[in-house]
Structures are given as C-alpha cells and as structure tokens.
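Quick note on numbering: the sequence shown equals residues 980 to 1185 in our numbering.
Using N, Cα and C, we set each Cβ at its ideal position, and we do this for glycine too.
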Amino acid sequence: MSFRKCAILENQKDCHILEDKYKQLEIKLKDTENEKYMYERTCLMNEKRQNDMATEIKDLKNELYDCKNRLYKMSKSDVLDMKTTLYNQDILRDKIKEKEKDKETFQFNYNNIQSDEKPEHEETSDDPLNVKQKISSIEKQLILLKLEKANKESELIRCPKHGRRSEEIKKKEFIETKLKYLEDKINILNKNLKYMKLKKNEKNNI
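Set out below in structure tokens:
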C-alpha cells in the first residue's frame, strides 16, 4: 500500500514539473515567433529584389568560371591573346563586385526608408500587456542595432586612413553612411521607447 502511495506522489511530482516546463516552452515559443515575425516583416518587401540580384551574381560567376576554363584550354594551344582575355576577366569581376555592392546598398536604402516612417502609435492599444510587448520589441531592436553599430565602427577603424584606391574610398564612405543611419535609427527607437514607457507609467498611475 505504501509503495503504491509513493508511486502516485512521484507521478504527481513529475506532472507538475512537466506542466511548468510546458508553460515555459509556450512562453518562449511565443516570444520567438514574435521576433521571427518582426524580421520577416522587415525582409519581405525586398526579398524578391535580393533574389533577383543573387541570381544575376550567380550567372556572372558562372560566366567568369567558364571564361577561366576556356582561357586555360586555349593557353595550352598557344592561340590565345593573353592580354585581351585577362582584360575580359577583369570586366566580369568588376561586374560581380558592382552587383554585390548594389545588393548591399539596396538592403541599406530599404532599411533607411523604414526608419523614416512614423511610429505606429495607432497599433498601440490601451492593454498594458501590449504596451509591455512593444517595449520589449524596441529594446531587442536597440540591442541588435547597437551590436551592428559596434561592428561597423570596428570595420571603420580597420580601413586605411589615407586609402588611395577608389574601392577603399567607397568602402569607407559606405561604412560612415551606414554608421550615421544606425545612429539615427537608434535615436528614433530611443524616443519611441521613452514614449512607450511614459505611456505605461500613465496607465499605472490611473
């Protein structure tokens, strides 16, 4: 009889542990889904354009690879004008770099447009839970933006101070522009966060 009672108690204990774990997993899943939705919403509008650019870059790389193979085969037969072929290869490489840079610039410009949008106060209900979720979402965005800003600052430090090549100059200018954008975005989110916290305090004082 005592053994059966112990087994029942042990089973109840296991049930409570599983219930607690279930609730924790449910909360974690909801938070993760919300975060995923936030990123999907940002990326959805420019996904097609990025895919098109990726396809074009892939085609150019295939063309460059084909050109390199033909160069190798023709050089064996001494029929090739080396200067002309190398020149063509350089053109293809420049095209690839240009398309890859365009893709990165497109992503940056799209995000910049997003940052200029007004805060969506109309979506904020009077529900304290909704306000709390908005605050949490903004804080997560700030963490990610500050990390990205720190990485870009490290890149800028590694850039030559007196770069002579146009590629180095363009890269440095791009990083500086990106840093300015990140700073503006962080400032906007900080203002939004301050607004949301004031709104939360107002609700608590009512």
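With a threshold of 16 other CB atoms inside 10 Å of the CB of Asn1013, please say whether the residue is buried or exposed. Taking the first residue of the sequence shown as 1, we reach residue 1013 at position 34. When all chains shown are included, Asn1013 counts as exposed.
Rounded to a whole number of angstroms, what is the C-alpha to C-alpha distance between Leu1121 and Asn1030? For the purposes of this step, residue 1121 is taken as residue 142 along the sequence shown, with counting starting at 1. For the purposes of this step, residue 1030 is taken as residue 51 along the sequence shown, with counting starting at 1. Roughly 28 Å separates the two Cα atoms.
Output yes or no for whether 8 Å exceeds the beta carbon distance between Glu1118 and Leu1161. The residue labelled residue 1118 in the question sits at position 139 within the sequence shown. The residue labelled residue 1161 in the question sits at position 182 within the sequence shown. Contact flag unset, no.
Given a threshold of 16 other Cβ atoms within 10 Å of its Cβ, counted over all protein chains shown, does Asn1171 qualify as buried or as exposed? Stepping through the sequence shown from its first residue, residue 1171 is reached at position 192. Classification of Asn1171: buried, given that the 10 Å Cβ count is 16 or more.
Just mark Leu1039 as buried or exposed, buried being the case when its beta carbon has 16 or more other beta carbons within 10 Å. Numbered from 1 along the sequence shown, position 60 holds the residue referred to as residue 1039. It is buried - the Cβ of Leu1039 has at least 16 other Cβ atoms within 10 Å.
Suppose contacts are defined by Cβ-Cβ distances below 8 Å. Is Ile1165 in contact with Leu1124 by that definition? The count along the sequence shown starts at 1 and reaches residue 1165 at position 186. The count along the sequence shown starts at 1 and reaches residue 1124 at position 145. Result yes, Cβ atoms of Ile1165 and Leu1124 sit closer than 8 Å.
Please list, in chain order, all residues of the same chain as Lys992 whose beta carbon is under 8 Å from its beta carbon, the five residues on each side excluded. Counting from one through the sequence shown, the residue named residue 992 turns up at place 13. No residues qualify anywhere along the chain.
Taking 8 Å as the cut-off, decide whether the C-beta atoms of Ile1114 and Lys1176 are in contact. Working through the sequence shown from its first residue, we reach residue 1114 at position 135. Working through the sequence shown from its first residue, we reach residue 1176 at position 197. Yes, the pair counts as a contact, with Cβ atoms nearer than the cut-off.
Can you find the residues in the same chain that come closer than 6 Å, C-beta to C-beta, to Leu1135, ignoring five residues on each side of it along the sequence? Within the sequence shown, residue 1135 is the residue found at index 156, counting from 1. Only Ile1154 meet the Cβ criterion.
Reference Lys1179; option with closest CA among Gln1112, Lys1151, Asp1045: Your numbering for residue 1179 matches position 200 in the sequence shown. Ranking Gln1112, Lys1151, Asp1045 by Cα distance to Lys1179 puts Gln1112 first.
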